[in-house]
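Below you'll find the structure, written out as structure tokens, and then a few comments.
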Amino acid sequence: MPLSKFAAGLLALGSALIPPSLYAALPTETVGQAELPFPPSPHRSYLIDFEFDNMVATRVVVVDPGRQKVLGMLSTGGAAPAVLAHDQKTVYTADIFFSRYVRGTRTDVLTAWDTRTLSPSWEVEIPAKRASTLTEKYALSMSGDDRFVYVYNFTPSQTITVVDTQARKVASEVNINGCILAYPIGDRRFASLCGSGDLQVTTLDDNGKVSDRTTTQFFDPEQEKLVERAIHLGDTFYFVTTEGVIHGVDFSGAKPKVLPTWSLTSEQEKKDGWAPGGWQLMAIAPRLNRLYVLMHPDHERHKWEDPSTIIWAFDLKTHKKVGTLEAPNLIWSLNATNDDAPLLLGTNIEGGLETFDLKTGKHLHTMEGVSKTPTLILNH
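First residue of the sequence shown? That's 3 in the numbering used here, and the numbers climb one at a time after it.
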């Protein structure tokens, strides 16, 4: 709006009183780029932030939970899943972009990010079919030798896009209709969980094409509700039902070996209402050979994805409960680091990160406000 004559006069007077030396040009600032140490600390963590309020542009927040420090961020496309390469050099994300941000022509790309600079190194356009779901493990996964990345598609037809990271191109698209996700097995196989209760194992050749496929009966979907968000130790994957029964399967042999089931709860604990719940509700600390599970004390049907403050620890050899951890805030997803001084990490529903020392079982601290809607934690 126009200035009054009085205000204009004051402005002119003030300008006249500024010494000429202050008009000198300020030095030009340059924007640099810091590099993170390599190899990464085993405690470096990647929080996949789905951000419900803005799902067209999500992120991966990189933190050091021990120092309670944010190290950087990857700006990803809509609801992008992520996976870490085994050589620790690269983070892969499967991004969706639209030409008009929220509308227009859709483009899906697999992006390779440098773990030192957190900058994109290269990308490959992939079929515009990537599943638009809440981010979870094995919606994006990779072969044991880092050669192939597996992208889960849902249109609603279900396929896996196989991307060759050496040639930097799409190698094939594998039909897995009736099944979901790609649980990686060794260098050239992946499994998918089927609605029939089967596990379908797909074997690839060195060109990323299907060379073999088998199915193995795994569970009875008419009797149990199995959570697809498994956790693995080597080639053994552990799934849990909504009532707390662990189903294990060993993929190390030529054919999957279905392991005996076991329960997280005693008969009395079942009567008391204990059952698992959360999003990524299980984690494994490999050096301790322990399984950690989010548990609800008053479990209700259809609430098995709700967060919890209570975590039970189990010995994977004896299947016995060996401890209980409790967080000050509700946790939705878990992950454990892979080193000799392991941390258990949990994303709380306020966007913070809870950290436990697994040697002592003590809650160390909460990093507040590091993300908006963190769905997963990844560690090298």
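Ideal placement from N, C-alpha and C gives every residue a C-beta, glycine not left out.
Alpha helix (DSSP H) segment containing residue i, residue limits
i, result
"K272", "269-273"
Through-space distance from residue j to residue i, alpha-carbon basis
i, j, result
"L15", "G68", "Note that L15 has pLDDT 49, beneath the 50 cutoff, so the model's placement of it is unreliable and the number below is only indicative. Straight-line Cα distance between these residues: approximately 55 Å."
"L5", "H367", "In this prediction, L5 has a pLDDT of 45, which is less than 50 and means its spatial position is unreliable; what the coordinates show is noted afterwards. Computed Cα separation, rounded: 54 Å."
"T238", "L261", "9 Å"
"N340", "A287", "6 Å"
"K139", "P29", "48 Å"
"V212", "G188", "15 Å"
"R61", "S101", "19 Å"
"G275", "H301", "5 Å"
"L360", "P344", "6 Å"
"S173", "V65", "Rather than Ser, the amino acid found at residue 173 in this sequence is Ala. Going from the Cα of A173 to the Cα of V65 covers about 33 Å."
"G348", "K322", "22 Å"
"P122", "K272", "48 Å"
"R289", "A338", "10 Å"
"M144", "K305", "31 Å"
"L13", "E31", "Caution applies to L13, whose pLDDT of 49 falls short of 50 and renders its modelled position unreliable; the value that the coordinates give is listed next. So the two alpha carbons sit approximately 29 Å from each other."
"S310", "P44", "26 Å"
"A256", "A285", "26 Å"
"A133", "N155", "5 Å"
CB contact flag (residue i, residue j, <8 Å)
i, j, result
"T263", "V242", "no"
"V63", "M75", "yes"
"A96", "L120", "no"
"D200", "Q219", "yes"
"A59", "G80", "yes"
"A315", "H365", "no"
"A193", "Y152", "no"
"I379", "L49", "yes"
"F253", "G210", "no"
"H157", "N177", "According to the sequence as given, residue 157 is Thr; it is not His. No, the pair does not count as a contact, with Cβ atoms beyond the cut-off."
"R118", "E230", "no"
"L346", "L336", "yes"
"L293", "L318", "yes"
"R190", "V203", "no"
"T137", "P186", "no"
"L296", "G279", "yes"
Boundaries of the beta strand (DSSP E) in which residue i is found, first to last residue
i, result
"I379", "376-381"
"A287", "284-287"
"G74", "71-79"
"L366", "364-369"
"L266", "No beta strand (DSSP E) holds L266; DSSP gives it neither H nor E."
Within-8 Å CB hit, residue i to chain B
i, result
"G246", "As a matter of chain content, chain B is missing from the structure shown, which is built from one protein chain."
message = Closer than 8 Å is the cut-off here; do at least three beta carbon pairs connect the stretch 342-357 with the stretch 365-382?
response = Contact holds: three or more Cβ-Cβ distances are below 8 Å.
ask   = Of all the beta strand (DSSP E) runs that stay within the bounds of the stretch 91-140, which reach a length of 3 or more residues?
value = 92-100, 108-116, 122-128
inquiry  = Give the list of continuous beta strand (DSSP E) stretches no shorter than 3 residues that lie fully inside the stretch 309-359.
reply    = 310-317, 323-338, 345-350, 355-359
task = Just list the beta strand (DSSP E) runs in the stretch 171-195, keeping only unbroken ones of 3 residues or longer that don't cross its boundaries, in chain order.
result = The qualifying runs are 171-177, 181-187.
query = Which full runs of the beta strand (DSSP E) of 3+ residues lie inside the stretch 197-251, going along the chain?
reply = 200-206, 212-219, 228-235, 238-243
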